[in-house]
Structure formats: C-alpha cells, structure tokens
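The numbers in the UniProt record's numbering rise by one with no breaks, and the one at position 293 of the sequence shown is 293.
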Amino acid sequence: MHWRETLPDWYIKKYGYQPCVNIGTSGHVDHGKTSLIQALTGSWTSVHSQELKRGITIRVGYSDAAFYKCKKCEEPLGYSTTPKCNNCGDESELSRVVSFVDSPGHESLMANMLSGSALMDGALLLVAANEQVPKPQTKEHLLALQTLGIKQIVVLQNKVDLLSHDEVLANYKDITKFVKDTNAAKSPIIPISAQSGLNLDALIGLIESTIKTPERDEKADPVMHVLRSFDVNKPGIKLKDIKGGVIGGSLTQGIFNVGDEIEIKPGLMNEKKKSYEPILTKITSLGTAAGIVESVKPGGLVAIGTTLDPSMTRSDSFIGSVIGKPGTLPENSTKLKLSVNLFDSAVGTTEDIKVNPIQNGELLRLNIGTAPVLGKVTKVKSSNVEIELRRPACIFKDGHVAISRRIAERWRLIGAGIVG
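Structure follows, in structure tokens:
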C-alpha cells in the first residue's frame with residue numbers, strides 16, 4: 001500500500017498529497033547517506049548512470065517516506081515507515097510525510113551539496129563509527145549547514161555494527177567534541193546501522209521530535225527553487241506524444257495549480273540583446289511522489305510539467321533558476337551586496353589553511369539559493385562586500401549565500417554572507 005492511500009483527512013487538508021518537510025542527508029562520501037534513505041524509503045536515490053558506476057551520489061537525489069506511530073507501544077518502539085506496527089503488529093497512525101534530499105559527499109561535488117542544502121528544513125549528519133572524526137567533507141558539510149542557517153540537525157553514528165561497544169563509545173566522544181560550538185552542539189547523536197536497519201525506529205522518533213515542520217505562507221506569491229530539470233520523452237517517441245520539459249524543485253511559499261502561468265528567472269540568454277531574459281510558460285502537470293496532483297503547496301519536492309521545448313530542460317540545465325507568477329519575482333541582477341562572516345580556516349582541506357580577508361578583484365564561487373555562480377569582488381569595506389556576478393541571478397534580500405574560494409585547485413568553503 002502506498003503511503004498516499006493512508007493519508008488522513010487532517011493531513012490532506014493541511015498539506016495536500018505531498019510531504020510537508022524537506023530533510024537533507026549530509027556527510028562524507030561512503031558514510032552511508034544513500035543506504036540510509038533506502039532503508040527508510042525503499043528507494044535508491046543514486047540513479048544517474050555515473051552514480052551507479054562509481055558508487056557515489058553525484059546529483060542531488062530525493063525520495064519520500066511516511067512516518068507512522070503506534071499508540072500502544074512505548075517510544076521509540078512504535079515508530080516505523082509502515083501503517084502496521086513492526087513491534088506489536090497493530091495499526092499505526094500517520095505522524096508525517098517527509099522528503100529526503102540526498103546530497104553528494106565527495107569533495108569535488110560540494111557545489112551540488114550546497115544547492116541541495118538550500119531546500120533543506122533540517123538535516124541528518126552521518127558520521128561513520130569506523131572512521132576518524134571528522135573527515136574533511138564531514139566538517140565541510142556541517143559548516144555548510146551552519147552557513148545556510150539550518151539548525152534542526154540529528155547526528156547519526158552509522159556502522160556501529162562493525163565495532164565493539166568500547167570502540168563505539170570512544171567514537172561517540174569524538175563526535176561530541178567535533179560538534180561542539182556548532183549548530184549541532186545540542187543535537188541528539190544516535191547510533192545506527194543503515195545496512196542492517198539497527199535503531200531506525202529510534203531514529204524516526206528523534207526526527208519527529210527534533211526536525212519540526214516550518215510554518216509556511218501559502219497566501220504569499222509562490223516561489224520555487226529549481227534543483228533538477230529533465231526531458232521525460234523516450235527516443236523514437238511520436239511527435240504527437242511529445243511532452244514538454246519538466247522542472248523539479250521545492251516551493252518555499254505560495255501554491256501552484258495546473259494551468260497557472262509561470263515565469264522562470266534568470267531565463268535564457270538573448271544573443272541579439274546580449275542579456276538574459278525571463279521565460280514564460282504554463283504548468284501542464286504537477287507531480288509528487290504521491291502521484292499526479294492538481295495543486296502543490298510548500299514542502300516536499302515537486303515536478304512541474306511545462307509547455308517548454310523538452311530539449312531546453314535536459315541535463316539539469318535549469319538548476320539554480322527560480323519560478324514564480326509573472327511579475328512577482330525580483331529582477332535579474334549581476335550585482336550582489338553581502339554582509340560577510342568568514343571562517344577561521346578553510347574547510348574540506350586535510351591541513352589547516354587560514355582564511356584571509358576577501359580581497360578586491362578576487363574571484364569567488366557563490367551559492368545563491370540553488371544556483372552556483374562565479375563573481376568578482378568589486379568593493380570591500382569591513383565585513384561588507386560588493387560582487388559583480390558572471391551571469392545574472394534572481395536574488396532575494398536577506399537570503400543566505402555560501403562563499404567559496406579557490407584553494408589548491410578546489411573550491412573550498414570559507415564563509416557565508418547575508419544579502420543586503
């Protein structure tokens with residue numbers, strides 16, 4: 001039975017037929033993020049051909065799960081992902097439907113991780129119990145979550161089944177030292193094994209008590225940040241059967257309905273005018289993990305079918321775009337003003353590299369929403385920085401921006417900024 005068939009009236013009225021919260025998985029490559037999501041949702045999120053060949057997550061993946069709670073069983077034994085209690089066998093009640101955002105852990109794919117983080121309401125930080133704490137990417141991911149203002153975090157001590165009791169306790173102490181003075185300092189730390197399903201009921205209980213569903217404004221103008229785009233047509237399809245391009249992402253506010261006219265920014269380059277122009281199109285379908293729906297609300301990841309030529313949306317070409325109703329989004333801009341807070345040292349490096357102040361004229365990589373954009377610093381005054389972007393972006397005032405600098409042939413996270 002699909003979880004959509006178990007949705008009670010109270011949930012449908014409040015959230016519709018879709019998840020109500022986005023939860024990210026973050027941490028070092030090979031620490032078990034994708035395996036954990038498979039254990040919770042039954043879906044393997046790494047489906048891109050290169051991901052299957054290399055055994056790592058390259059693009060941001062996503063999968064949904066419904067959490068149920070048995071009234072008869074004591075916590076955390078009554079939590080599960082099925083309507084029937086795994087402990088006593090009685091019927092359970094729906095607690096919540098969540099959408100998991102699986103981010104790449106490999107250092108060279110940090111931009112993809114930051115794009116995924118922009119849609120997270122909370123996060124699971126995985127740390128392998130059988131490896132040194134912290135690994136460079138574990139530290140980088142935690143600071144990335146902190147940079148983007150994500151405070152609802154559950155720390156998972158994975159692969160505990162591979163160690164003795166004393167070794168697990170020693171590793172636990174290392175994790176507590178690692179998260180001290182970070183956004184995860186007060187977060188619960190739970191030992192699990194994603195492969196064997198150990199402690200998943202307790203994990204679900206902690207997710208439910210720690211990562212709350214945020215209040216969202218459904219009456220505001222809709223805003224959707226794009227994380228995927230693709231062509232759903234198979235080779236050889238007949239011309240009359242071709243479907244328009246599909247764009248995937250998550251609404252942060254407002255509601256979209258089938259038939260709505262929408263605007264996509266920054267849009268496409270007009271070669272004659274040498275400038276980017278927004279794209280206008282129409283919503284022809286709305287898809288969630290629960291199926292095709294007539295409208296979507298904030299929370300969860302959705303796919304928007306459009307009237308666009310499907311060749312335009314291939315290969316995630318619309319990543320970083322913002323979708324709204326025509327005339328409601330901020331104007332495209334190549335100028336960015338930030339109030340900057342730099343880290344003491346660059347993250348993601350094996351050695352401690354001090355972060356020097358931002359210099360006028362230097363090139364930085366900025367993650368604005370789900371968009372990674374290169375920019376050149378044009379003015380520096382104390383903690384305030386002005387940047388000229390290489391391409392325009394749709395920028396919201398007071399938004400969080402992650403800042404990376406080129407260090408030893410890699411872009412390394414050095415701090416964060418708030419849009420002024």
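The C-beta atom is built at its ideal place from N, Cα and C for all residues, glycine as well.
{"Query": "For Thr25, the three-state DSSP class (helix, strand or coil)", "Result": "strand"}
{"Query": "Beta-carbon contacts of Arg228 that lie in its chain and below 6 Å, excluding the five residues immediately before and after", "Result": "Gly248 and Asp316"}
{"Query": "Val223 vs Gly287 beta-carbon contact at 7 Å", "Result": "no"}
{"Query": "Segment limits, beta strand (DSSP E) that includes Trp10", "Result": "Counting along the chain, Trp10 falls outside any beta strand (DSSP E), though it belongs to the alpha helix (DSSP H) covering Asp9 to Tyr15."}
{"Query": "Buried versus exposed call for Trp411 [16 or more other C-beta atoms within 10 Å across all chains shown]", "Result": "buried"}
{"Query": "Span separating the alpha-carbon of His165 from that of Lys282", "Result": "58 Å"}
{"Query": "For Val168, three-class secondary structure by DSSP", "Result": "helix"}
{"Query": "Nearest-angstrom Cα separation, counted from Val302 out to Ser339", "Result": "32 Å"}
{"Query": "Between the CA atoms of Gln157 and Thr81 - distance to the nearest angstrom", "Result": "21 Å"}
{"Query": "Buried or exposed by the 16-neighbour rule on C-beta atoms within 10 Å, applied to Cys394", "Result": "buried"}
{"Query": "Same chain, Cβ closer than 6 Å to Leu124, five either side skipped, listed in chain order", "Result": "Thr25, Val154 and Leu156"}
{"Query": "Inter-residue Cα distance where the pair is Val97 and Gly420", "Result": "35 Å"}
{"Query": "Coil, strand or helix - Gly205 by DSSP", "Result": "helix"}
{"Query": "Check whether Gln146 and Asn183 have beta carbons under 7 Å apart", "Result": "yes"}
{"Query": "Where Lys35 falls: helix, strand or coil (DSSP)", "Result": "Looking at the sequence itself, residue 35 is Ser, so the reference to Lys does not match. Helix, per DSSP."}
{"Query": "Cβ neighbour criterion (16 or more within 10 Å) applied to Asp64", "Result": "buried"}
{"Query": "Cα-Cα separation between Ser383 and Glu263, rounded to whole angstroms", "Result": "34 Å"}
{"Query": "Cβ pair Arg216, Pro298 closer than 7 Å", "Result": "yes"}
{"Query": "Cβ neighbours of Tyr17 in the same chain (closer than 8 Å, five flanking residues each side left out)", "Result": "Arg4, Leu7, Thr288, Ala290, Gly291 and Val293"}
{"Query": "Own chain residues within Cβ distance below 7 Å of Asn130, not counting five before or after", "Result": "Lys159, Leu162 and Leu163"}
{"Query": "C-beta atoms of Leu363 and Ile403 nearer than 7 Å", "Result": "no"}
{"Query": "For Phe343 and Gly415, the rounded distance between their alpha carbons", "Result": "5 Å"}
{"Query": "Distance between Trp10 and Glu91 (C-alpha atoms, nearest Å)", "Result": "18 Å"}
{"Query": "Under 7 Å between C-beta atoms of Gly122 and Ile190", "Result": "no"}
{"Query": "Distance CB(Thr306)-CB(Pro392) smaller than 7 Å", "Result": "no"}
{"Query": "C-alpha gap between Asp221 and Pro326, whole angstroms", "Result": "10 Å"}
{"Query": "Residues near Asn360 in its chain [Cβ-Cβ closer than 8 Å; skip 5 each side]", "Result": "Val377, Thr378, Lys379 and Val380"}
{"Query": "Distance, Val258 Cα to Ile12 Cα", "Result": "18 Å"}
{"Query": "Residues of its chain near Ile204, where Cβ-Cβ distance is below 6 Å and the 5 sequence neighbours each way are ignored", "Result": "Phe67 and Tyr79"}
{"Query": "Residue nearest to Asn171 in terms of C-alpha spacing, selected from Gln38, Asn87 and Ile192", "Result": "Ile192"}
{"Query": "Limits of the beta strand (DSSP E) - the one that Pro136 falls within", "Result": "Careful: Pro136 lies outside any beta strand (DSSP E), inside the alpha helix (DSSP H) at Pro136 to Thr147."}
{"Query": "Residue from Asn367, Lys397, Leu40 and Lys337 with nearest C-alpha to Leu200", "Result": "Leu40"}
{"Query": "CB contact flag (Ile387, Leu336, <7 Å)", "Result": "yes"}
{"Query": "Spatially closest choice to residue 421 from Tyr15, Asn270 and Pro235, by CA coordinates", "Result": "Here the chain comprises residues numbered 1 to 420, so residue 421 is not present and cannot be evaluated."}
{"Query": "Length of the line joining the Cα atoms of Arg390 and Val322", "Result": "18 Å"}
{"Query": "Same chain, Cβ closer than 7 Å to Leu77, five either side skipped, listed in chain order", "Result": "Asn87 and Asp201"}
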